[in-house]
Structures are given as structure tokens and as C-alpha cells.
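First comes the structure, then the notes that go with it.
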Amino acid sequence: MDHRLGAGATLAQQAAKRADMPLERIQQRFAASASLRRRAVLPYFTSGFPDASTVEAMIRRADDVGATVVELGIPFSDSIADGRTIQRSFHDVLKQGWTVEDTFQLVARVRPRVECALVAMVSYSLVWRIGVQDFMNRAARCGFDGVIVPDVPVEESMIAAGAAGRADLGYVGLVAPTTTSARRKLIARSSTGFVYRIAISGTTGERTDFRVDAMNDIDELRDAAGAPVCVGFGISTAEQVGAACVVADGAIVGSAIVRRIADAVDAGQSMDDLVDTVGGFLSELITGAAHTA
Amino acid sequence: MIAMIPMNIDVMPVDDKKWGPDEHGRYGEFGGRFVPETLMAAVTELGEAYEAVRHEREFWETLWKSLTEYVGRPTPLYRADRLSKKIDGATIYLKREDLNHTGAHKINNTMGQLLLAQRMGKRRIIAETGAGQHGVATATAAACCGLECVVYMGAEDVRRQKLNVFRMELLGARVVSISDGQRTLKDAINAAMRDWMATSDHTHYVIGSVMGPHPYPRMVRDFQTVIGKETKVQMVEATGRLPDCVVACVGGGSNAAGVFAPFLDDTDVRLVGVEAGGESLTPGRHAATLSVGAPGVLHGMHTYVLQNADGQTEQVHSISAGLDYPGVGPEHAHWKVSGRVDYVSAGDAAALKAFTTLCETEGIIPALESAHAVAHAAKMAADMPPDQNVVINLSGRGDKDVVEAGRLLGRFEE
């Protein structure tokens with residue numbers, strides 16, 4: 001498949017080569033987590049919140065403590081799917097004049113220093129405006145390994161998924177609790193890298209009533225996609241990560257992390273202390289995932 | 294049921310094979326459904342429910358009964374002789390949507406959507422509102438049907454439109470003030486969509502304009518098309534022919550879509566949409582989306598939007614809170630690109646002048662939104678001969694705006 005690899009290439013060379021291919025890095029990272037007998041933990045950070053250097057430091061810490069994939073949200077002025085915590089981080093960053101190019105530069109700086117995969121969470125409003133293929137090419141070039149475009153339903157996803165594929169980026173489809181069986185198959189088949197199973201009907205945000213018993217479609221999704229299935233929305237504790245990982249291949253944690261960052265900023269913590277706070281929480285979450293595999 | 298149908302109008306939605314959306318809700322390249330997966334089940338359910346009643350005569354006869362007996366339709370088409378004389382050009386007719394119950398065209402849509410919501414077995418109604426007219430119209434229809442109602446409104450609009458907030462509360466609705474983002478209409482829409490994501494099993498979201506994901510643009514246009522159907526019949530009765538020109542203001546675009554739709558194939562009738570030019574056409578100081586915006590994606594639809602180079606929504610401004618929106622209905626985008634409808638803008642000052650002119654010449658206080666249409670129509674009519682007829686859709690009355698107008702005209706203390 002990859003003509004750049006001769007038959008005589010060593011395994012190490014092949015592994016190194018593979019890491020150049022964004023989508024394959026996602027696959028490799030899930031395989032690596034599995035080989036350590038634990039499920040994947042996917043922390044979410046808002047790009048630029050509270051500032052570029054702190055986000056870079058947090059991504060490196062997440063990588064150090066064993067995050068499989070880091071999800072990086074690109075701030076958008078009108079994100080419908082996000083709850084208050086992430087919306088506020090978006091508005092805060094946009095007020096500072098943060099641009100999409102700033103996110104690309106941040107990723108370009110951090111990419112050579114981490115092994116985890118980096119996936120962008122980005123509204124189609126931004127992707128469309130910048131130009132779908134242009135956005136995907138730039139995202140791949142700076143070091144993203146995949147994209148999640150939460151406001152493009154599968155019927156409209158041909159253009160975005162095709163452009164991501166041409167840029168070798170993973171294209172992660174989302175499945176909701178209300179998604180019909182026929183659509184689940186379509187979404188899973190159009191997904192590469194992993195499938196994002198939304199745990200609850202509603203926006204992102206911490207929930208006390210997070211439950212996994214209704215998620216009986218995980219195996220079906222995994223089979224249809226031929227890729228791991230990760231659960232997100234409403235997961236905010238190590239216990240919930242553990243519960244999600246009983247049925248799924250990984251857990252995505254966003255608002256609970258962003259809230260801790262916002263609280264640390266409000267409390268006037270230094271960058272080192274903030275990164276330690278977040279890093280400690282990430283270690284807890286990863287421990288939660290370790291008991292389940 | 295046999296409803297009294299005034300003026301021999303066909304109650305069924307107009308055939309839209311030529312102009313209407315395809316099965317994906319596309320008007321040419323515009324429209325579609327760009328919503329989170331969590332909302333897809335809700336918009337799909339709504340699309341199927343609406344498609345079913347769209348062909349059901351009994352639904353439309355029931356709606357017409359409430360439009361005549363409760364809303365007060367048909368609204369008059371009034372020849373504005375003193376305004377025409379002052380302009381000294383074409384003859385101006387006013388389609389008096391300001392005389393509807395609650396004071397604007399918005400109730401045509403909310404009565405239709407509430408009837409549909411009841412058919413779907415929904416027990417809770419949510420809506421967004423800018424100036425408050427759609428919120429009042431939704432609260433009214435919900436009260437009339439006995440359903441629970443929650444209205445989302447930007448904190449800035451809550452401040453500007455206190456009277457409408459109280460009206461909604463009197464009507465039994467709960468008004469939720471939104472302090473996020475720019476704290477205006479677009480933020481209220483975001484909040485309503487977020488509510489609907491978690492509640493769509495028992496809640497219907499009444500969008501107030503021809504915008505949002507399919508089927509909203511088509512459904513709201515169908516409910517508002519009563520304006521254009523009546524206008525057409527009334528104009529022929531009054532003058533023996535169709536008008537030469539129809540003018541309407543465009544924010545999201547529902548009153549314009551409603552009055553334009555029945556005239557789309559009458560190519561001799563010029564159709565003009567008037568957007569809010571605000572203070573100037575520099576970014577952030579206007580809401581002239583079709584005039585100076587570009588195609589993009591916002592609020593579930595692909596349409597013209599006001600965004601920066603990254604796709605972040607721009608600030609918008611207008612003296613009229615109902616036109617203060619950074620997007621526009623996708624069908625308008627299609628009509629613009631196809632050349633069927635001309636889109637222009639009128640600024641704050643021109644609208645305010647038209648507001649006072651209509652008060653003085655005709656004894657009608659128009660909504661500041663509608664005053665934008667009056668401003669452009671007057672300018673255009675001045676260059677037309679008196680035997681030509683211009684219809685202005687007077688979408689709402691200005692009672693809600695008198696305090697703001699008084700402030701702008703320097704009559705009240707700040």
C-alpha cells in the first residue's frame with residue numbers, strides 16, 4: 001500500500017514510517033493502549049485556553065501520563081453541541097483574538113514532542129469558511145491525526161470525510177443515543193480512526209446521572225467501523241471512565257478537565273501548578289480505565 | 294370540518310417543484326441540515342410529520358379556521374394615497390400584517406407550528422426571540438393551545454424589549470435570558486437548540502423564521518405564504534392586475550418569503566428584499582447578510598452569513614432587533630443567486646425617517662423592521678410612474694418600538 005516502504009524495510013523503519021501517517025498514528029495508539037491491557041483515555045482541551053503555552057504543556061503532560069489521543073477543540077463563536085463550560089472557554093479564547101492558524105501553529109510546535117495522537121474537534125462553520133480541503137490539508141500538515149466535525153450529519157459528510165481521507169486524516173463520526181440502527185451503520189462505516197459514541201442526549205458537560213446500561217450498540221458499531229468505539233459527553237470522574245470502559249474501547253473527558261483549568265486560572269495558579277492539577281486528574285482517569293481491560 | 298375560506302384562496306401549500314427544496318432540504322446549493330447527530334432524530338421526526346400534514350387538506354382548513362377566527366385574517370391591502378402623494382411616484386399599497394393578533398406576521402407561523410406540535414403529541418414548546426415578536430406570538434399560540442412554553446432571549450434584547458418580556462410572561466411563558474456570546478438573537482437560537490437536544494422527545498422547537506435545518510425553512514415559508522396568497526387576490530380585485538413590485542424587509546426572511554413565494558413564477562413582478570444597513574456597511578455595524586455577506590454554515594443551514602475569515606460569526610447591528618441577525622434563510626440565498634429577487638439594504642437613519650413618515654402621512658406606526666421596507670420602497674417608487682403599483686409588506690406594528698424611536702429621536706431622557 002505504501003510505495004515508500006521497500007520489502008527490506010525493518011520493522012523499526014516501518015513503525016517510524018507509520019507514525020508519519022496521521023490516521024495510522026491513531027490506530028497505533030489504540031493498539032499500544034491495548035497492549036498495556038488498558039482502555040483508551042482521550043482528554044479534551046480547548047485550543048488556546050487559557051493560553052498557547054499552557055495548552056502545549058498540558059498536551060505534553062497528557063502524553064506523559066498515557067493519554068491515547070488528545071482531542072483539541074478549535075474555538076467557535078456559536079457551538080451548539082457544547083455546554084456552558086466549553087462555550088465559556090471558547091468565548092474567552094476568541095476574545096483574545098485567537099485564530100484557527102494559532103491552533104495549527106500550536107499543534108506544529110507540540111507534535112514533534114509527543115507520541116499521542118492529536119484530533120481536532122471543529123465546527124463545520126470554520127471548516128467550510130476556510131475551505132474544506134484546504135482546512136484538512138493544513139490540519140494534516142501541522143500534525144493533527146484526525147478530525148471530528150460534530151455538526152455535519154452523515155448525509156452531508158461526503159465532502160468533509162473525503163477531504164479528510166485525501167489528507168490521510170482520520171474522520172471520526174458521532175453516534176447519538178437517538179441514532180437509528182440504519183444510520184448507526186452508515187456513520188460507523190464512514191468513520192476512520194475511531195467512532196465517537198455520545199453517551200447522553202444533550203450538550204457536553206459534567207453529569208451525575210451518566211449511565212452505560214443503555215449503550216448496547218457498541219459492539220455493533222465496532223464491527224461496522226472496524227475501529228474502536230469511544231464514549232463521550234457527561235463523563236467527569238474516574239468511576240465514570242471505568243464504567244464507560246466496561247463496554248467501550250475508550251472514554252472521552254472534556255468539560256471536567258476544562259472546568260478544572262478554568263478554576264485554576266480563577267484561583268490564580270501558576271502554569272506549573274495548573275499543569276500539575278490537570279495532570280493529576282488525568283492520571284486518576286487513566287487509572288480508572290486500567291481496571292477494565 | 295368545513296372552514297370559511299375567505300377570498301376563494303386555495304388553503305394547500307403552493308406547489309414548489311420548481312423553487313422548493315429537494316429531499317435533502319436543498320435550495321440549489323443552499324439549505325440542508327448541519328446539526329449535531331443528537332438533533333438528527335428530532336429534525337427527521339419533524340420533517341416526516343410535516344411532510345405528512347403538508348398534503349392533508351384537513352390540517353390546512355383547521356389552520357385557516359384559527360387564522361380567520363383567532364388571528365383576524367385576512368389582513369387588509371390598503372392603498373396608501375397620502376404616502377404615494379408625498380413620494381410622488383408609483384402608487385403604494387400596504388399589506389397590513391401589523392393588524393394581525395399580537396401585531397405582526399409572526400403568528401401565522403406559530404399557529405401552524407403549534408397545530409403541528411399538537412398532532413405530534415408534544416407537550417412543551419420552546420422558541421427563540423430577538424425583538425420579542427416571535428416570542429410573543431409563540432407564547433400566544435401556546436396559551437391558546439394550553440401547552441407549556443419557554444422562550445429564549447438574549448440578555449441585551451431582554452433589556453431593549455422589556456415590554457415584550459412582560460407580555461410573554463403574562464401569556465404564561467417562561468422567558469430565559471441568555472448572557473452568552475453577543476447576548477442577542479443568535480445566542481438565543483443556540484440556547485434553544487441546546488435545550489431541544491435534550492428534550493426533543495416531548496418538546497417542539499418553534500423556529501421563528503425561514504431558517505435553521507430542513508424542514509424549517511420550507512415549513513415556515515409555507516405557513517407565511519398566506520400573506521402572498523391574499524396579496525395576490527386582493528391586488529387583482531383592487532387593480533385588475535398583479536403589482537409591479539413587492540417589497541419586504543429581510544432579517545431571517547420569513548415575512549419576505551411569505552409574500553414573495555406566490556409571485557415567484559410571475560416574472561413581471563419585481564421582488565425586492567430590504568436588509569438592515571445599520572450605521573454603515575463596515576463589518577459589525579450592519580446586518581445586511583445577502584448584500585455584503587458570503588456563503589457559509591450557521592445554525593444548521595448552508596446560506597449567506599456574516600463571518601470573519603475564520604468562520605467566526607461577526608457582530609451585527611441594526612436599530613431593529615428583528616433584523617439583527619448574521620444569517621438569512623437559505624431560500625433567500627437561492628433566490629439571490631438565481632437572480633429572481635433583488636436584495637438591497639436600508640440604514641438606521643433611512644428606516645427611522647420612514648418610520649415617522651408613515652406615522653405622519655397614514656396614521657400607521659410601523660415596526661422598525663417594516664420601516665426598512667418602507668424606506669427602500671419610497672426611494673424606488675419615486676422613480677416610477679403613478680400607474681405602477683408597489684406593494685409593501687407591512688410586517689408588524691411599531692408599538693413595541695415607540696420607546697426606542699423616542700430615544701433615537703431625542704424625545705426621551707437616556
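Protein chains in written order, with the numbering used here: chain A, 1 to 293; chain B, 294 to 707.
Just so it is clear, CB atoms sit at the ideal spot from N, CA and C, and this is done for glycine as well.
Because the structure is a prediction, the values reported are computed rather than measured.
Would you check if the stretch 575-585 of chain B and the stretch 427-441 of chain B touch, i.e. whether three or more CB-CB distances between them fall below 8 Å?
no
Can we say the stretch 140-147 of chain A touches the stretch 47-60 of chain A, given the rule of at least three CB pairs closer than 8 Å?
no
Contact with chain A by B/Lys415, beta-carbon distance below 8 Å:
Locating residue 415 of chain B in the second sequence gives position 122, where the first residue counts as 1. It does not: the Cβ of B/Lys415 has no partner Cβ on chain A nearer than 8 Å.
Secondary structure, beta strand (DSSP E): runs of 3+ residues fully inside the stretch 216-268 of chain A
229-232 and 250-253
Could you name each continuous alpha helix (DSSP H) segment of 4 residues or more that falls completely within the stretch 623-677 of chain B, going from the start of the chain to the end?
For the stretch 623-677 of chain B, whole alpha helix (DSSP H) runs of length 4 or above, ordered along the chain, are 623-631, 641-655 and 661-674.
For the stretch 87-110 of chain A, list every residue whose C-beta sits within 7 Å of some C-beta in chain B, in sequence order.
Gln87, His91, Leu94, Thr99 and Val100
Closest by C-alpha distance to A/Glu206, when choosing among A/Arg259, A/Ala81, A/Leu42 and A/Ala139
To locate residue 206 of chain A, count along the first sequence from 1; it is residue 206. If we check each option's Cα against that of A/Glu206, A/Arg259 comes out closest.
Under three-state DSSP, which class holds B/Val469?
Counted from its first residue, the second sequence places residue 469 of chain B at position 176. The answer is strand: DSSP assigns B/Val469 an E or B state.
Do you know offhand how far B/Leu701's Cα is from B/Gly570's?
Counting from 1 along the second sequence, the entry for residue 701 of chain B is found at position 408. Counting from 1 along the second sequence, the entry for residue 570 of chain B is found at position 277. Distance between the alpha carbons of B/Leu701 and B/Gly570: 16 Å.
Indicate whether at least one CB of chain B lies closer than 8 Å to the CB of A/Tyr124.
Walking along the first sequence from the start, residue 124 of chain A turns up at place 124. Taking Cβ atoms only, chain B reaches closer than 8 Å to A/Tyr124, which makes this a yes.
Which one or two residues does DSSP pair with B/Phe323 in a beta bridge?
Counting from 1 along the second sequence, the entry for residue 323 of chain B is found at position 30. In DSSP, B/Phe323 forms a bridge with B/Tyr320.
At a CB-CB cut-off below 7 Å, which residues of chain B make contact with A/Ser201?
In the first sequence, residue 201 of chain A corresponds to position 201, counting from 1. Correct list: Thr331, Met490 and Ala491.
What are the boundary residues of the beta strand (DSSP E) that includes A/Val41?
Translated into the one-based positions of the first sequence, residue 41 of chain A becomes position 41. Element bounds for A/Val41: Ala40 to Thr46.
Identify, in the order they occur along the chain, each residue of the same chain with its Cβ nearer than 7 Å to the Cβ of A/Asp63, setting aside the five sequence neighbours on each side.
By one-based count along the first sequence, residue 63 of chain A stands at place 63. Around A/Asp63: Val114, Glu115 and Cys116.
Can you give me the Cβ contacts of B/Trp628 inside the same chain, cut-off strictly under 7 Å, excluding the 5 residues immediately before and after it?
Position 335 of the second sequence holds residue 628 of chain B. For B/Trp628, where only same-chain residues beyond five positions count, the Cβ hits under 7 Å are Val634.
For B/Met333 and B/Lys672, the rounded distance between their alpha carbons:
Within the second sequence, residue 672 of chain B is the residue found at index 379, counting from 1. Within the second sequence, residue 333 of chain B is the residue found at index 40, counting from 1. Answer to the nearest angstrom: the Cα atoms are 45 Å apart.
Where does B/Ala345 sit, in a helix, a strand or coil, going by DSSP?
Position 52 of the second sequence, counted from the first residue, corresponds to residue 345 of chain B. DSSP places B/Ala345 in the helix class (H, G or I) of the three-state scheme.
Alpha carbon to alpha carbon, how far is B/Arg467 from B/Ser377? Give it in angstroms, no decimals.
Position 84 of the second sequence holds residue 377 of chain B. Position 174 of the second sequence holds residue 467 of chain B. Taking C-alpha positions only, B/Ser377 is separated from B/Arg467 by approximately 43 Å.
Kindly list the residues whose CB is nearer than 7 Å to the CB of A/Ser283, restricted to its own chain and excluding five residues on each side of it in sequence; keep chain order.
For the purposes of this step, residue 283 of chain A is taken as the residue at position 283 of the first sequence. So the list reads Val65, once near-sequence residues are dropped.
For B/Leu409 and B/Ala484, the rounded distance between their alpha carbons
Locating residue 484 of chain B in the second sequence gives position 191, where the first residue counts as 1. Locating residue 409 of chain B in the second sequence gives position 116, where the first residue counts as 1. The straight-line gap from Cα to Cα measures roughly 22 Å.
If we require 4 or more residues per run, which alpha helix (DSSP H) segments fall completely within the stretch 517-578 of chain B?
519-532 and 547-553
Buried or exposed for A/Phe281, please, with buried defined as at least 16 other CB atoms from any protein chain shown within 10 angstroms of its CB.
For the purposes of this step, residue 281 of chain A is taken as residue 281 along the first sequence, with counting starting at 1. Under this definition A/Phe281 is a buried residue.
Pairwise C-alpha distance: B/Glu390 and B/Leu456:
Counted from its first residue, the second sequence places residue 456 of chain B at position 163. Counted from its first residue, the second sequence places residue 390 of chain B at position 97. Using only the alpha carbons, I get a separation of about 20 Å.
Within chain B, partners of A/Glu155 - CB distance below 9 Å:
The count along the first sequence starts at 1 and reaches residue 155 of chain A at position 155. Ordered by position in chain B, the residues that pass the 9 Å Cβ test against A/Glu155 are His317, Gly325, Arg326 and Met333.
Burial state of B/Thr395 (16 or more Cβ within 10 Å)
Position 102 of the second sequence, counted from the first residue, corresponds to residue 395 of chain B. With 16 or more Cβ atoms within 10 Å of its Cβ, B/Thr395 is classed as buried.
Alpha carbon to alpha carbon, how far is A/Thr103 from B/Ala602?
For the purposes of this step, residue 103 of chain A is taken as the residue at position 103 of the first sequence. For the purposes of this step, residue 602 of chain B is taken as the residue at position 309 of the second sequence. Each residue's alpha carbon lies about 15 Å from the other.
Name the residues in the stretch 581-598 of chain B whose C-beta lies less than 9 Å from a C-beta of chain A; which are they?
Ala587, Pro588, Gly589, Val590, Leu591, His592, Gly593, His595 and Val598
In three-state terms, what does DSSP make of B/Lys415?
Here residue 415 of chain B refers to the residue found at position 122 when the second sequence is read from its first residue. Correct three-state label for B/Lys415: coil.
How many Å lie between B/Glu607 and B/Gly414 at the Cα?
Along the second sequence, one-based indexing puts residue 607 of chain B at 314. Along the second sequence, one-based indexing puts residue 414 of chain B at 121. Using only the alpha carbons, I get a separation of about 38 Å.
Inter-stretch contact at 8 Å, needing at least 3 Cβ pairs: the stretch 514-531 of chain B / the stretch 654-662 of chain B:
no
Identity of the residues DSSP links to B/Arg389 by a beta bridge
The residue given as residue 389 of chain B occupies position 96 in the second sequence. For B/Arg389, which the question treats as bridged, DSSP gives the partners B/Leu687.
Suppose you measure from the CA of B/Leu564 to the CA of A/Ile159; what does that come to, to the nearest Å?
Position 271 of the second sequence, counted from the start, is the residue given in the question as residue 564 of chain B. Position 159 of the first sequence, counted from the start, is the residue given in the question as residue 159 of chain A. If I take the Cα positions, the gap works out to 34 Å.
Proximity below 8 Å, CB of B/Trp312 to CB of B/Leu557
Here residue 312 of chain B refers to the residue found at position 19 when the second sequence is read from its first residue. Here residue 557 of chain B refers to the residue found at position 264 when the second sequence is read from its first residue. Yes, these two residues count as a Cβ contact at 8 Å.
Residue of A/Ser191, A/Gly83, A/Met215 and A/Gly48 minimising C-alpha distance to A/Pro296:
This structure gives no information on residue 296 of chain A, because the portion of chain A shown stretches from 1 to 293.
Roughly how many angstroms separate the alpha carbons of B/His625 and B/Val469, rounded to a whole number?
For the purposes of this step, residue 625 of chain B is identified with residue 332 of the second sequence, where counting begins at 1. For the purposes of this step, residue 469 of chain B is identified with residue 176 of the second sequence, where counting begins at 1. Rounded to whole angstroms, B/His625 to B/Val469 spans 30 Å at the Cα level.
For B/Thr433, is the classification buried or exposed, using 16 other Cβ atoms within 10 angstroms of its Cβ as the cut-off for buried?
Mapped onto the second sequence, residue 433 of chain B falls at position 140. By the 10 Å Cβ count, B/Thr433 comes out buried.
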